[in-house]
Amino acid sequence: MISFEYIADNIDKWLNNTFSPWLALTIEFVIVGVLCIGLFAVLGLVLIMMERKVSAYMQVRLGPNRVGPKGMFQTVADTLKLLVKEGLTPAGSDKFLFNLAPFVVMIAAMLVLAPIAFAKNFQIWDINIGVLYVSAVSSIGVIGILMAGWASNNKYSLLGAMRSGAQIVSYELSAGLSILVVVIFTGDLSISQIIESQQTGWWIFRGHIPMLIAFIIFIIAVTAETNRAPFDLAEAESELTAGFHTEYSGMKFALFFLAEYVNIFIVCAIGATLFLGGWMPLHIGNWEAFNSIMDWIPSSLWFVGKTFFLIFVIMWFRWTFPRLRIDQLLNLEWKYLLPISMFNLLLATLIAIQGWYF
Amino acid sequence: MLEEIAVNDTGDLIINVGPQHPSTHGVLHLIITLNGETIKNIDPNLGYIHRSIEKMCESLSYRQFIYVTSRMDYLSSHINNHACALTVEKGLQIEVPERAQYIRVIMDELTRLASHQLWWGAAAMDVGALTPFFHAFREREMINEIMEETCGARLTMNYNVPGGVMADIHPDFQRKTKAFLAFFKDKLPEYDELVTGNIIFQNRMKDIGIISKEDAISYGCSGPTARASGVSCDIRKTHPYSIYDKVQFDEVLETTGDSFGRYLVRMQEMRQSIHIIEQLIDNIPEGDFQAKTKAVLKLPKGEFYTRVETARGELGVYIVSEGGLTPYRIKFRSPGFSNLSALNHMAKGQKIGDMVAIMATLDLVIPDIDR
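Protein chains in written order, with this note's numbering: chain A, 1 to 358; chain B, 359 to 729.
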């Protein structure tokens, strides 16, 4: 059967047979890099289009429908516009940091892509501390945001960046603690092992109460980490015009915009991997017939389906809820989510030790 | 230049919100002194959309000046026109036909509904929920269509003339208005579900921007802003004009004086407006829609003052006449100006995000503040 695993293995074999090992490895690096950038472009196009259509249907309007069939090339047209636009660097700004910031945000988003399993045995880097790597690298992005806010020499940008810093650092804790719940149940940090452990059922079903709590907290925390409404205080347009990227234009703005959407994809992919089994098909106990039918659906489709379901949920949030205030946002984290996740971690440990899960 | 001062002598950050800013809904300029995120002082800076309407009116005849007033508070333009027409009628002692009065009041209430709908969408947008705005515009579009058929305009109606209204109502007017009311009554609970009941929205609105009853009176607040603090100031009740003394409706009062109180008052006012229109729409009497007036109107020498309740509060029209073709002096007492003056009092000590929520519930229309 043709699968991503099969294709990747064959390319690897062919390269190693044809070239010397180090040359084959170099070519593989290049292929992976190009694929990553390609994935970024596709994700940008698909997610921005999806956001526009989802918001349009929630807001009793049609959304883009002029460029291409059903407006599918609207994002392409927008990107072209941003490409030819002048990337202005304001006077009085710290030029080096100002121009560096979008790339820091972008590179941080790119790095997190490494340990994600897109299909069965189809992964860039199966690092043995997978989830630790993810939570560590994903917080680098905030440095880029702080950089952008500070270097812009704009008071709105500064306020937005400071809000963003406080917000991301706080919500990282809850996200980390809810990831730990999964680690406790699995006993392993690597992404592939976490997926393997969900062979008999996804953790959200097997881990019942603590896993459900962890899942809900994880979704709230990553919504905040990606600066999405109702936690979009860093760019709250009615208060701070555009927050930390007020002064950015052209392609530099587009990089921030793209990084936001790639980050959404990444956190949803992590959520799908940890709680919903990644590429693992839906298996129910010993229903052999049902399980084998589920196995027929390609693993990549399972992964993409679960991820896009979570992305839709996060978009749903954005177009329904009003924004929180900065003190309410931090209260929510430090007074409610953090104590609940800590208690939840203890509960999960107890349940894992006693073996009270399915 | 103010723009160049980033930090003042006491070490506070100064930011200029506006004249172009998404939350000021127009060209209002606020100079805000901040300590971190906490507001220490707000200094509203006006004049960016001053068109000297009052001065312009002095060179226009008593028939013409009414149309300029549509451009003051453009969301309650019909009510502005009504106020001016009432003042001229008072001066000339014109008896307005019953039919014209009914049409005027129905139109007033439709305007109020349209204004409150837009406010509801914009207020939700200010606190970060973008979807309600589009839902509000869907309903407002129906009112605009009714207006378009009868008045020929959607925003600046110019439908009132001294002595009545300019033209008779469109044959479809009653049917369409009733259809709209039936539709909108179903939608109001949806508004509550989407926004009023939302816990985040309530947290953003409750206990912020509090203004006491005494302060509301001393700042000259009027309309829903004052009624949320418990000040009974509905001109339609206290000094009924036109046929408001013949219809049944309640003056909506809240006692909290916070942003959520102002929100609730406007939501209730929408229901009261529906109630008023329902009483009148089937009972529009037959007869003339305009009283017979002289071709050239000349107000007798003297001073004339009328006040009406617009969607934002009390609008006063003060005309000084020397007996000539044009007014000697005209002064408008606009509700937005007094309500804005209370902003500093309300927002001091709150967060910058609260300032936006407070401004949203003050329902400022900048061309009304800056005439």
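Ideal Cβ positions, reconstructed from N, Cα and C, are used throughout, including at glycine.
Any C-beta of chain B sitting closer than 8 Å to the C-beta of residue i?
{"i": "Pro-230(A)", "result": "yes"}
{"i": "Asp-327(A)", "result": "yes"}
{"i": "Ser-238(A)", "result": "yes"}
{"i": "Val-60(A)", "result": "yes"}
{"i": "Lys-363(A)", "result": "Look at the range of chain A in this structure, 1 to 358, and you will see that residue 363(A) is not part of it."}
{"i": "Lys-252(A)", "result": "no"}
{"i": "Lys-120(A)", "result": "no"}
{"i": "Lys-155(A)", "result": "yes"}
Residue i and residue j look like a contact to me (Cβ under 8 Å); what is the Cβ gap, rounded to whole Å?
{"i": "Glu-172(A)", "j": "Ser-197(A)", "result": "With 8 Å as the limit, Glu-172(A) and Ser-197(A) do not qualify as a contact, their Cβ atoms being about 24 Å apart."}
{"i": "Tyr-357(A)", "j": "Arg-206(A)", "result": "5 Å"}
{"i": "Leu-177(A)", "j": "Leu-345(A)", "result": "6 Å"}
{"i": "Arg-562(B)", "j": "Val-485(B)", "result": "5 Å"}
{"i": "Val-168(A)", "j": "Ser-139(A)", "result": "As written in the sequence, residue 168(A) is Ile, which differs from the Val given in the question. Ile-168(A) to Ser-139(A), Cβ: 7 Å. Contact."}
{"i": "Leu-371(B)", "j": "Lys-155(A)", "result": "6 Å"}
{"i": "Thr-349(A)", "j": "Ile-107(A)", "result": "Actually they are not in contact, since the Cβ atoms of Thr-349(A) and Ile-107(A) sit about 36 Å apart, beyond 8 Å."}
{"i": "Asp-367(B)", "j": "Leu-388(B)", "result": "No, Asp-367(B) and Leu-388(B) are not in contact; Cβ-Cβ is about 20 Å, not under 8 Å."}
{"i": "Glu-28(A)", "j": "Leu-15(A)", "result": "7 Å"}
{"i": "Ile-194(A)", "j": "Leu-274(A)", "result": "6 Å"}
{"i": "Ala-480(B)", "j": "Ile-501(B)", "result": "Not confirmed; about 16 Å, so no contact."}
Between the C-alpha atoms of residue i and residue j, what's the straight-line distance to the nearest angstrom?
{"i": "Ser-590(B)", "j": "Glu-572(B)", "result": "12 Å"}
{"i": "His-379(B)", "j": "Ile-373(B)", "result": "12 Å"}
{"i": "Trp-22(A)", "j": "Ile-31(A)", "result": "14 Å"}
{"i": "Arg-585(B)", "j": "Glu-612(B)", "result": "6 Å"}
{"i": "Lys-13(A)", "j": "Cys-36(A)", "result": "21 Å"}
{"i": "Ile-390(B)", "j": "Val-222(A)", "result": "33 Å"}
{"i": "Ser-417(B)", "j": "Ala-443(B)", "result": "17 Å"}
{"i": "Thr-668(B)", "j": "Pro-547(B)", "result": "24 Å"}
{"i": "Ser-576(B)", "j": "Pro-598(B)", "result": "23 Å"}
{"i": "Leu-310(A)", "j": "Thr-489(B)", "result": "20 Å"}
{"i": "Phe-690(B)", "j": "Arg-163(A)", "result": "43 Å"}
{"i": "Lys-120(A)", "j": "Glu-5(A)", "result": "6 Å"}
{"i": "His-408(B)", "j": "Tyr-432(B)", "result": "14 Å"}
{"i": "Thr-651(B)", "j": "Ile-424(B)", "result": "16 Å"}
{"i": "Ile-219(A)", "j": "Val-182(A)", "result": "14 Å"}
{"i": "Ser-410(B)", "j": "Arg-729(B)", "result": "6 Å"}
{"i": "Ile-111(A)", "j": "Leu-62(A)", "result": "Before going on, a small fix: residue 111(A) reads as Leu here, not Ile. Leu-111(A) and Leu-62(A): Cα-Cα distance of roughly 36 Å."}
{"i": "Asp-726(B)", "j": "Arg-318(A)", "result": "33 Å"}
{"i": "Ser-341(A)", "j": "Ile-179(A)", "result": "10 Å"}
{"i": "His-440(B)", "j": "Tyr-676(B)", "result": "14 Å"}
{"i": "Ser-20(A)", "j": "Leu-47(A)", "result": "40 Å"}
{"i": "Phe-244(A)", "j": "Ala-101(A)", "result": "11 Å"}
Please decide whether residue i counts as near chain A, where near means a Cβ-Cβ distance under 8 Å.
{"i": "Gly-479(B)", "result": "no"}
{"i": "Leu-546(B)", "result": "no"}
{"i": "His-493(B)", "result": "yes"}
{"i": "Asp-484(B)", "result": "yes"}
{"i": "Asp-367(B)", "result": "no"}
{"i": "Lys-709(B)", "result": "yes"}
{"i": "Met-359(B)", "result": "Because the pLDDT of Met-359(B) is 38, which lies under 50, any placement of that residue in the model is unreliable, and the number read from its coordinates should be weighed accordingly. By this cut-off, Met-359(B) is not an interface position."}
{"i": "Glu-395(B)", "result": "yes"}
{"i": "Arg-594(B)", "result": "no"}
{"i": "Val-654(B)", "result": "no"}
{"i": "Ile-496(B)", "result": "Per the sequence shown, the amino acid found at residue 496(B) is Arg instead of Ile. Yes, its Cβ sits closer than 8 Å to a Cβ of chain A."}
{"i": "Ile-634(B)", "result": "no"}
{"i": "Ile-373(B)", "result": "yes"}
{"i": "Val-385(B)", "result": "no"}
{"i": "Asp-712(B)", "result": "yes"}
Per DSSP, which residues does residue i bridge with? Please list them.
{"i": "Tyr-676(B)", "result": "Tyr-663(B), Lys-689(B)"}
{"i": "Gln-193(A)", "result": "Bridge partners of Gln-193(A): none, in fact."}
{"i": "Pro-281(A)", "result": "Answer is none; Pro-281(A) lacks a bridge partner."}
If you measure from the beta carbon of residue i to each beta carbon in chain E, is any gap under 8 Å?
{"i": "Thr-489(B)", "result": "The chain inventory of the structure shown lacks chain E, comprising the protein chains A and B."}
Residues of chain B with CB closer than 9 Å to the CB of residue i, please, in chain order.
{"i": "Phe-384(A)", "result": "No answer is possible for residue 384(A): it lies beyond the span of chain A, which begins at 1 and ends at 358."}
{"i": "Leu-43(A)", "result": "Ordered by position in chain B, no residue passes the 9 Å Cβ test against Leu-43(A), which lies about 23 Å from the chain."}
So with CB distances below 9 Å, who are the chain A contacts of residue i?
{"i": "Asn-556(B)", "result": "Thr-320, Phe-321, Pro-322"}
{"i": "Ala-472(B)", "result": "Result: empty, since nearest Cβ-Cβ is about 18 Å, beyond 9 Å."}
{"i": "Leu-444(B)", "result": "Here the premise fails: no neighbours, minimum Cβ distance about 37 Å."}
{"i": "Arg-562(B)", "result": "Pro-322, Arg-323, Leu-324, Arg-325, Gln-328"}
{"i": "Asp-401(B)", "result": "The contacting residues do not exist; Asp-401(B) stays about 16 Å from chain A at best."}
Which residues in chain B have a C-beta closer than 7 Å to the C-beta of residue i? List them in chain order.
{"i": "Thr-241(A)", "result": "His-379, Pro-380"}
Anything in chain A within Cβ reach of residue i, meaning under 7 Å, just list it in chain order.
{"i": "Phe-559(B)", "result": "Pro-322"}
Taking residue i as the query, report the chain A residues whose CB atoms sit under 8 Å from its CB, ordered along the chain.
{"i": "Asp-370(B)", "result": "Ordered by position in chain A, no residue passes the 8 Å Cβ test against Asp-370(B), which lies about 12 Å from the chain."}
Can you tell me whether residue i sits near the ligand SAH, meaning its C-beta is under 7 Å from at least one heavy atom of the ligand?
{"i": "Gly-521(B)", "result": "Judged by which ligands are present, the structure shown has none, so any question about the ligand SAH falls away."}
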